[in-house]
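A.B. asks:
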């Protein structure tokens, strides 16, 4: 599962060009792996037999299918394959199912009461695949590297200074930043050896660095495959796993860039062990297959539409309200698949600071009501004077263009909305183009109504972008930008989680009351694997852990 973030967070096309590359064409990575000194790791893997009809079989290797990897220096790339790629690079903190922070590389995380001092602890005994021990100085150097080069450095930009005290890294902030902890749970903040950061260029670091993780890259062919080997000195502090030492599987063969049908049949036939993202076209078949375990696993994804109030018709709030209340989400779900549910909020239930009361507020005030929708139009003087099925006023038909992405979820919801609006007399035409062009049009104000998508499980990045992707975009959809940004700043500076949730809810209410934004869908994704593979930990937020896996053979 790819993490699709803010201004870019969307489906990235799989690179088929490299799928046929032979192993001889791969680039060999010089890892200089040494045996760490007396690392007392937990015995790898759990082989406890919960079912007396199952016998545990050792696993030498697994083959895992993922989206394309861009590199291994998480600070230099724009996208990261959640779950699978993180097997080779731990984040500093892990994430619980409710989005709260858990130990991972850091064994302890302590905030000061004012939120301006953050202490992270990194005990001795954790080794990179090179045999070097992870030091607190590596953490400082890695964060500094991220602040200089990472696309996502805004997530921890309020760091004023850092110091090392024994095995602790003490981070001092100029002001509290609510999304900072989440960024340290994300794939984009890990730890790379300071010696490598000091001696390697960014080009060398991209694929040649050795982030601290359970596995390391032994060999790769860009866009085709990566071979991972278990890090012999690995230790984690993650409470979600039992085995906190070396992985029970020595080799992971990561495959990418192929066809969905090949991967689906390969999983069924046993050629592949795990699909990091289940192909949507074969979801029902995978659900029905006894040989496959399938679970929901992804970051929070919200699909929504923004109105442009500079459009002569959409400038009228009554027209926008007619569109909003004319959308029948129940009917939409008849057309959609299990990857997209209708949504009544912008911050989804697998995102931090989710509030169920927001959904109830939206349903009550903005939910489907066809008669109310028609009344809004009538109140603004719209009626069908020529009998063509569409309302008109002053000789003009009520018509606008919906900019859809060329992805199934966007197209399906656009067609459902088009059908609903026709029923109340509004003509909506649909254009489709690549997501990047839709985003660009919104930023430049060249749209009437557009489908947008954000994938991120922490709300600050989301509210930074709702009706606010650029100064021009804000002029088109944010009716009180100054007041809106004050609320966003208040949320970002609120240390208490529950109090911050209240502010995030207030932001959503404000957006809804503008009637310039329309929640449409809650996207999701699925992960699946061979049912004989036991002990896989796949979390609802997208994480994947193989610390405790074993292969069970049925008698």
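Numbering (my numbering), first residue to last: 7 to 561. No residue lacks a Cβ here, since even glycine has one placed at the ideal position from N, Cα and C. Bear in mind the structure is a predicted one, so any value in this text is a computation, not a measurement.
Going by alpha carbons, who is nearest to residue 388 out of 326, 418, 370 and 368?
C.D. replies: Looking up residue 388 in the chain shown gives position 382. Nearest of 326, 418, 370 and 368 to residue 388, Cα basis: 326.
A.B. asks: Do residue 127 and residue 141 have their CB atoms nearer than 8 Å?
C.D. replies: By 1-based counting over the chain shown, the position of residue 127 is 121. By 1-based counting over the chain shown, the position of residue 141 is 135. Cβ atoms of residue 127 and residue 141: not closer than 8 Å.
A.B. asks: Can you tell me where the beta strand (DSSP E) holding residue 333 begins and where it ends?
C.D. replies: Taking the first residue of the chain shown as position 1, residue 333 is located at position 327. First-last for residue 333: undefined, no H or E at that position.
A.B. asks: Can you say whether residue 492 is buried or exposed, counting buried as having 16 or more other CB atoms within 10 angstroms of its CB?
C.D. replies: On the chain shown, position 486 is the one that residue 492 refers to. Burial call: exposed.
A.B. asks: What are the start and end residues of the alpha helix (DSSP H) that includes residue 167?
C.D. replies: To locate residue 167, count along the chain shown from 1; it is residue 161. Where residue 167 is concerned, there is no enclosing alpha helix (DSSP H), although the beta strand (DSSP E) it sits in stretches over 165-171.
A.B. asks: Under a three-way DSSP split, which group does residue 317 fall into?
C.D. replies: Taking the first residue of the chain shown as 1, we reach residue 317 at position 311. Of the three classes helix, strand and coil, the one that applies to residue 317 here is coil, per DSSP.
A.B. asks: Only counting the same chain, and skipping five residues up and downstream in sequence, which positions put a Cβ closer than 8 Å to that of residue 163?
C.D. replies: The sequence position of residue 163 within the chain shown is 157, counting from 1. If we look at residue 163 and ignore the five residues flanking it on each side, its Cβ neighbours are 153 and 183.
A.B. asks: Assign residue 369 to buried or exposed, taking buried as 16 or more other Cβ atoms, counted over all protein chains shown, within 10 Å of its Cβ.
C.D. replies: Mapped onto the chain shown, residue 369 falls at position 363. That one is exposed.
A.B. asks: Locate the beta strand (DSSP E) running through residue 224, then write down its first and last residues.
C.D. replies: Taking the first residue of the chain shown as 1, we reach residue 224 at position 218. Looking at the DSSP string, the run of the beta strand (DSSP E) that includes residue 224 is 221-227.
A.B. asks: Counting Cβ pairs, one atom from each stretch, are 3 or more of them under 8 Å apart for the region 284-301 and the region 100-120?
C.D. replies: Too few Cβ pairs lie closer than 8 Å, so no.
A.B. asks: Using a C-beta cutoff of 8 Å, does residue 502 count as contacting chain D?
C.D. replies: Protein chains in the displayed structure number just one, and chain D is not present.
A.B. asks: What are the start and end residues of the beta strand (DSSP E) that includes residue 128?
C.D. replies: By 1-based counting over the chain shown, the position of residue 128 is 122. Where residue 128 is concerned, there is no enclosing beta strand (DSSP E), given that its DSSP letter is neither H nor E.
A.B. asks: Quick one: what's got a C-beta closer than 6 Å to residue 399's C-beta in the same chain, skipping five residues either side?
C.D. replies: One-based indexing of the chain shown puts residue 399 at position 393. Within the same chain, residue 399 has close Cβ partners 387 and 388.
A.B. asks: Among the candidates 179, 244, 150 and 225, whose CA atom is the shortest distance from the CA of residue 199?
C.D. replies: As a first step, residue 199 must be located in the chain shown, where it is residue number 193. Comparing Cα-Cα distances from residue 199 to each of 179, 244, 150 and 225, the minimum goes to 150.
A.B. asks: Since residue 563 and residue 331 should fall inside the 8 Å C-beta cutoff, what is the C-beta to C-beta distance between them, to a whole number of angstroms?
C.D. replies: The question about residue 563 has no answer here: the residues shown for the chain are numbered 7 through 561.
A.B. asks: Under a three-way DSSP split, which group does residue 356 fall into?
C.D. replies: Taking the chain shown and counting its residues from 1, the one referred to as residue 356 is at position 350. If DSSP states are grouped into helix, strand and coil, residue 356 belongs with coil.
A.B. asks: Reducing DSSP to helix, strand and coil, say where residue 462 ends up.
C.D. replies: Reading the chain shown from its first residue, position 456 is the one you call residue 462. Of the three classes helix, strand and coil, the one that applies to residue 462 here is coil, per DSSP.
A.B. asks: Determine the burial state of residue 525: buried for a count of at least 16 other Cβ atoms within 10 Å of its Cβ, exposed for fewer.
C.D. replies: If you number the chain shown from 1, residue 525 lands on position 519. Residue 525 comes out buried.
A.B. asks: Would you mind working out which of 186, 421, 218 and 79 sits nearest residue 139, comparing C-alpha positions?
C.D. replies: The residue you call residue 139 lines up with position 133 of the chain shown. It is 218.
A.B. asks: Quick one, are the C-beta atoms of residue 71 and residue 543 less than 8 Å apart?
C.D. replies: Translated into the one-based positions of the chain shown, residue 71 becomes position 65. Translated into the one-based positions of the chain shown, residue 543 becomes position 537. Contact: no.
A.B. asks: If I measure Cβ to Cβ from residue 117 and keep anything under 6 Å in the same chain, skipping five residues before and after, which residues do I get?
C.D. replies: Sequence index remark: in the chain shown, residue 117 carries index 111 (1-based). Only 124 meet the Cβ criterion.
A.B. asks: Less than 8 Å between the CB atoms is what I'm expecting for residue 522 and residue 333, so what's the real figure, rounded?
C.D. replies: Position 516 of the chain shown holds residue 522. Position 327 of the chain shown holds residue 333. Rounded, the Cβ-Cβ distance is 15 Å, inconsistent with contact.
A.B. asks: Where are the alpha helix (DSSP H) runs, 4 residues long or more, that stay fully inside the region 380-453, in chain order?
C.D. replies: Counting whole runs of 4 or more residues, the region 380-453 contains the alpha helix (DSSP H) stretches 414-429 and 441-450.
A.B. asks: Using only the alpha-carbon positions, how far apart do residue 155 and residue 328 sit?
C.D. replies: As a first step, residue 155 must be located in the chain shown, where it is residue number 149. As a first step, residue 328 must be located in the chain shown, where it is residue number 322. Rounded to the nearest angstrom, the two C-alpha atoms are 46 Å apart.
A.B. asks: Going by the CB atoms, is the gap between residue 65 and residue 238 shorter than 8 Å?
C.D. replies: For the purposes of this step, residue 238 is taken as residue 232 along the chain shown, with counting starting at 1. For the purposes of this step, residue 65 is taken as residue 59 along the chain shown, with counting starting at 1. Their beta carbons are not under 8 Å apart, which means residue 238 does not touch residue 65 by this criterion.
A.B. asks: Does the count of Cβ pairs from the region 474-493 and the region 433-443 closer than 8 Å reach three?
C.D. replies: Too few Cβ pairs lie closer than 8 Å, so no.
A.B. asks: Are the beta-carbon atoms belonging to residue 412 and residue 435 less than 8 Å from one another?
C.D. replies: Here residue 412 refers to the residue found at position 406 of the chain shown. Here residue 435 refers to the residue found at position 429 of the chain shown. Taking 8 Å as the Cβ cut-off, residue 412 and residue 435 do not qualify as a contacting pair.
A.B. asks: Could you tell me the boundaries of the beta strand (DSSP E) in which residue 109 lies?
C.D. replies: Counting from one through the chain shown, the residue named residue 109 turns up at place 103. It spans 107-109 - the beta strand (DSSP E) in which residue 109 sits, taken as one unbroken run.
A.B. asks: Note down, in chain order, each residue of its chain lying with its Cβ closer than 7 Å to the Cβ of residue 359, except the 5 sequence neighbours on either side.
C.D. replies: On the chain shown, residue 359 is found 353 positions in, with the first residue counted as 1. Here the set comprises 353, 465, 506, 507 and 510.
A.B. asks: Note down, one range per segment and in chain order, each alpha helix (DSSP H) of at least 4 residues found wholly within the region 240-325.
C.D. replies: Whole alpha helix (DSSP H) segments, 4+ residues: 266-275 and 289-294.
A.B. asks: Which ranges would you report for the beta strand (DSSP E) in the region 72-123 if only whole runs of at least 3 residues count?
C.D. replies: Counting only runs of 3 or more, we get 99-101, 107-109 and 114-117.
A.B. asks: Please confirm whether residue 213 and residue 223 have their CB atoms less than 8 Å apart.
C.D. replies: Taking the chain shown and counting its residues from 1, one reaches residue 213 at position 207. Taking the chain shown and counting its residues from 1, one reaches residue 223 at position 217. Yes; because the gap between Cβ atoms is below 8 Å, this pair is in contact.
A.B. asks: List the endpoints of the continuous beta strand (DSSP E) containing residue 231.
C.D. replies: Translated into the one-based positions of the chain shown, residue 231 becomes position 225. That run of the beta strand (DSSP E) goes 231-236.
A.B. asks: On a CA-only basis, which of 547, 519, 556 and 144 is nearest residue 535? Give me that one, please.
C.D. replies: Residue numbering aside, residue 535 sits at position 529 when the chain shown is read from its first letter. Minimum Cα distance to residue 535 is reached at 556.
A.B. asks: State whether the region 527-541 contacts the region 273-282, with contact taken as three or more CB pairs (one from each stretch) at a distance under 8 Å.
C.D. replies: The region 527-541 is in contact with the region 273-282.
A.B. asks: For residue 346 and residue 527, what's the separation of their Cα atoms in angstroms?
C.D. replies: Against the chain shown, residue 346 aligns to sequence position 340. Against the chain shown, residue 527 aligns to sequence position 521. Rounded to whole angstroms, residue 346 to residue 527 spans 6 Å at the Cα level.
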